[in-house]
Amino acid sequence: MSHVFDKPSLWQRIKPWFAGFDLPLSLAILWLMVLGLICMYSAGYDSGTRFPDHLRNTFLSIGIIFVVAQIPPQRMMALAIPLYTLGVTLLVATAVFGITRKGATRWLNVGVVIQPSELLKIAMPLMLAWWFQKREGQLRLPDFIAAFALLTVPVGLVAKQPDLGTAILVLSAGLYVIFFAGLSWRLIIPAFVVGAAAITAVVMTEDQICQPEAKWPVLREYQKNRICTLLDPSKDPLGKGFHIIQGEIAIGSGGMTGKGFMKGTQTHLEFIPERTTDFIFAAFGEEFGLFGALGLLVGFTALILRGLFIASDAPTLFSRLMAGAVTLSFFTYVFVNMGMVSGILPVVGVPLPFISYGGTAMVTLGVGLGLLMSISKSRRLIQS
Numbered sequence: 001m002s003h004v005f006d007k008p009s010l011w012q013r014i015k016p017w018f019a020g021f022d023l024p025l026s027l028a029i030l031w032l033m034v035l036g037l038i039c040m041y042s043a044g045y046d047s048g049t050r051f052p053d054h055l056r057n058t059f060l061s062i063g064i065i066f067v068v069a070q071i072p073p074q075r076m077m078a079l080a081i082p083l084y085t086l087g088v089t090l091l092v093a094t095a096v097f098g099i100t101r102k103g104a105t106r107w108l109n110v111g112v113v114i115q116p117s118e119l120l121k122i123a124m125p126l127m128l129a130w131w132f133q134k135r136e137g138q139l140r141l142p143d144f145i146a147a148f149a150l151l152t153v154p155v156g157l158v159a160k161q162p163d164l165g166t167a168i169l170v171l172s173a174g175l176y177v178i179f180f181a182g183l184s185w186r187l188i189i190p191a192f193v194v195g196a197a198a199i200t201a202v203v204m205t206e207d208q209i210c211q212p213e214a215k216w217p218v219l220r221e222y223q224k225n226r227i228c229t230l231l232d233p234s235k236d237p238l239g240k241g242f243h244i245i246q247g248e249i250a251i252g253s254g255g256m257t258g259k260g261f262m263k264g265t266q267t268h269l270e271f272i273p274e275r276t277t278d279f280i281f282a283a284f285g286e287e288f289g290l291f292g293a294l295g296l297l298v299g300f301t302a303l304i305l306r307g308l309f310i311a312s313d314a315p316t317l318f319s320r321l322m323a324g325a326v327t328l329s330f331f332t333y334v335f336v337n338m339g340m341v342s343g344i345l346p347v348v349g350v351p352l353p354f355i356s357y358g359g360t361a362m363v364t365l366g367v368g369l370g371l372l373m374s375i376s377k378s379r380r381l382i383q384s
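Numbering (UniProt numbering), first residue to last: 1 to 384.
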């Protein structure tokens with residue numbers, strides 16, 4: 001009978017923490033993290049502490065994924081209102097008391113300097129997923145109107161800072177939740193038609209609307225310049241068009257197989273601006289070429305497809321909406337970053353997940369992917 005009193009081993013104690021972890025999702029994340037470390041070592045080894053900091057941030061993200069994965073989705077749902085309220089309150093405080101750098105008021109000193117808009121990348125879809133979960137089975141048009149109102153407030157505050165990149169990410173995360181909640185295609189298709197018509201009109205009238213004296217409603221002057229530069233970067237190749245042109249040169253010069261690890265001339269001669277942050281894909285493409293870029297895309301595609309599978313198989317409406325929004329938000333990061341570096345989208349401050357340098361972005365990604373892991377674990381535990 002002595003075996004009855006045997007203490008469980010250390011592995012037996014911690015094994016439940018790993019039970020139900022999604023292996024395909026874990027492998028995709030690990031692949032992207034490894035590529036990110038390789039790329040950051042090459043692009044940032046001579047940029048102070050960029051590589052050691054990125055290594056630290058990567059392990060921090062792993063820890064956050066692991067911790068958040070232990071929290072059941074039901075408990076996450078209880079945090080929706082507090083996190084959303086806190087985020088909006090901090091955005092209002094930023095507008096009133098915030099720190100201004102380079103013409104943007106995005107930071108707030110609360111003992112430490114923080115960027116409150118980052119919180120909304122998670123709090124916004126969390127709040128809307130909670131909203132639709134509470135109205136499951138009885139959704140009406142006023143519920144969608146209220147959801148748009150909840151979305152408009154933080155997006156407007158972030159855009160006013162101004163921070164167009166983060167505003168796009170918060171807006172897209174909220175719109176994904178609203179779409180998955182069942183927004184009618186009769187409302188979605190007209191929005192796409194209007195957007196396509198607006199883009200066509202901008203392209204067709206470039207010569208008139210991109211004149212220095214032309215004023216654009218709503219958008220600021222620098223945002224107008226980014227769009228006009230996208231349409232024709234050669235008009236100011238050493239000024240506003242420099243980022244796009246150098247990014248395209250770097251990617252194109254990589255060819256099929258790339259110039260080799262740590263052999264990128266555009267990268268190491270510092271022709272690529274922000275080569276460890278927003279434009280790191282240009283550095284990656286130069287050194288690893290088309291085949292390397294395809295390997296990176298395989299990792300992103302595997303993660304996104306796995307996330308959508310987790311969303312489709314989630315046990316509750318809240319879980320489905322949250323998993324779908326997190327996954328497509330990840331897609332938005334990738335599409336916007338690669339698009340702006342490749343010259344098909346205007347330049348905005350959106351990092352490439354796990355590849356770009358940035359501690360705050362790593363934390364946000366870690367929380368989002370931890371939520372995906374938590375939802376996957378909850379489904380597995382129900383099935384077992």
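Where a beta carbon is used, it is the ideal one built from N, C-alpha and C, also for glycine. Here the structure is a predicted model, which means the values were calculated and not measured.
Nearest-angstrom Cα separation, counted from residue j out to residue i
i           : j           : result
residue 2   : residue 65  : In this prediction, residue 2 has a pLDDT of 47, which is less than 50 and means its spatial position is unreliable; what the coordinates show is noted afterwards. Going from the Cα of residue 2 to the Cα of residue 65 covers about 39 angstroms.
residue 348 : residue 253 : 23 angstroms
residue 209 : residue 58  : 44 angstroms
residue 317 : residue 88  : 25 angstroms
residue 296 : residue 138 : 42 angstroms
residue 353 : residue 334 : 7 angstroms
residue 250 : residue 130 : 44 angstroms
residue 281 : residue 40  : 11 angstroms
residue 310 : residue 325 : 12 angstroms
residue 155 : residue 239 : 30 angstroms
residue 114 : residue 123 : 16 angstroms
residue 302 : residue 215 : 43 angstroms
residue 71  : residue 322 : 14 angstroms
residue 69  : residue 33  : 18 angstroms
residue 442 : residue 230 : No answer is possible for residue 442: the residues shown for the chain start at 1 and end at 384.
residue 236 : residue 225 : 11 angstroms
residue 387 : residue 350 : Any question about residue 387 goes unanswered here, given that the chain covers just 1 to 384.
residue 387 : residue 182 : Not covered by the structure: residue 387. The range shown for the chain is 1 to 384.
residue 175 : residue 151 : 8 angstroms
residue 191 : residue 45  : 45 angstroms
residue 160 : residue 83  : 21 angstroms
residue 213 : residue 73  : 53 angstroms
residue 37  : residue 248 : 23 angstroms
residue 220 : residue 165 : 14 angstroms
residue 265 : residue 358 : 24 angstroms
residue 376 : residue 117 : 27 angstroms
residue 142 : residue 135 : 11 angstroms
residue 263 : residue 332 : 30 angstroms
residue 29  : residue 223 : 33 angstroms
residue 25  : residue 255 : 30 angstroms
residue 365 : residue 173 : 13 angstroms
Bridge partners - residue i, DSSP secondary structure assignment
i           : result
residue 104 : 101
residue 122 : According to DSSP, residue 122 bridges with nothing at all.
residue 114 : 108
8 angstroms contact criterion, which residue i and residue j should meet: CB distance rounded
i           : j           : result
residue 51  : residue 373 : Their Cβ separation, rounded to whole angstroms, is 27 angstroms, which puts residue 51 and residue 373 out of contact at 8 angstroms.
residue 385 : residue 319 : Since the displayed the chain opens at 1 and closes at 384, residue 385 lies outside it and no answer follows.
residue 202 : residue 227 : 7 angstroms
residue 169 : residue 42  : Actually they are not in contact, since the Cβ atoms of residue 169 and residue 42 sit about 27 angstroms apart, beyond 8 angstroms.
residue 128 : residue 147 : 6 angstroms
residue 101 : residue 163 : About 11 angstroms; that fails the 8 angstroms criterion.
residue 194 : residue 91  : About 28 angstroms; that fails the 8 angstroms criterion.
residue 108 : residue 94  : 5 angstroms
residue 267 : residue 283 : 4 angstroms
residue 299 : residue 35  : 7 angstroms
residue 200 : residue 47  : The Cβ separation is near 41 angstroms, so there is no contact.
Any C-beta of chain B under 8 angstroms from that of residue i
i           : result
residue 284 : Absent from the structure: chain B. Only one protein chain is present.
Residue i beta carbon near the ligand PLP (any heavy atom closer than 7 angstroms)
i          : result
residue 89 : Absence of the ligand PLP from the depicted structure is noted, as is the absence of any ligand whatsoever, leaving it without description.
Given 8 angstroms as the limit, is there contact between the region 330-349 and the region 243-250, that is, 3 or more CB pairs closer than that? Yes, they touch.
Tell me, please, whether the region 48-62 touches the region 361-380 by the rule of three or more beta-carbon pairs shorter than 8 angstroms. With the rule of 3 Cβ pairs closer than 8 angstroms, the region 48-62 counts as touching the region 361-380.
Hey, is the region 285-295 in contact with the region 254-264, meaning 3+ C-beta pairs nearer than 8 angstroms? Taking one beta carbon from each stretch, the region 285-295 and the region 254-264 have 3 or more pairs nearer than 8 angstroms; the two touch.
Please give me, in chain order, every unbroken run of the beta strand (DSSP E) with length at least 3 that falls completely inside the region 28-108. Runs found: 99-101.
Going along the chain, which unbroken runs of the alpha helix (DSSP H) with 4 or more residues stay wholly within the region 242-272? Qualifying alpha helix (DSSP H) stretches, in chain order: 242-253, 265-268.
Sequence ranges, alpha helix (DSSP H) only - wholly within the region 205-246, length at least 4: The qualifying runs are 206-209, 221-231.
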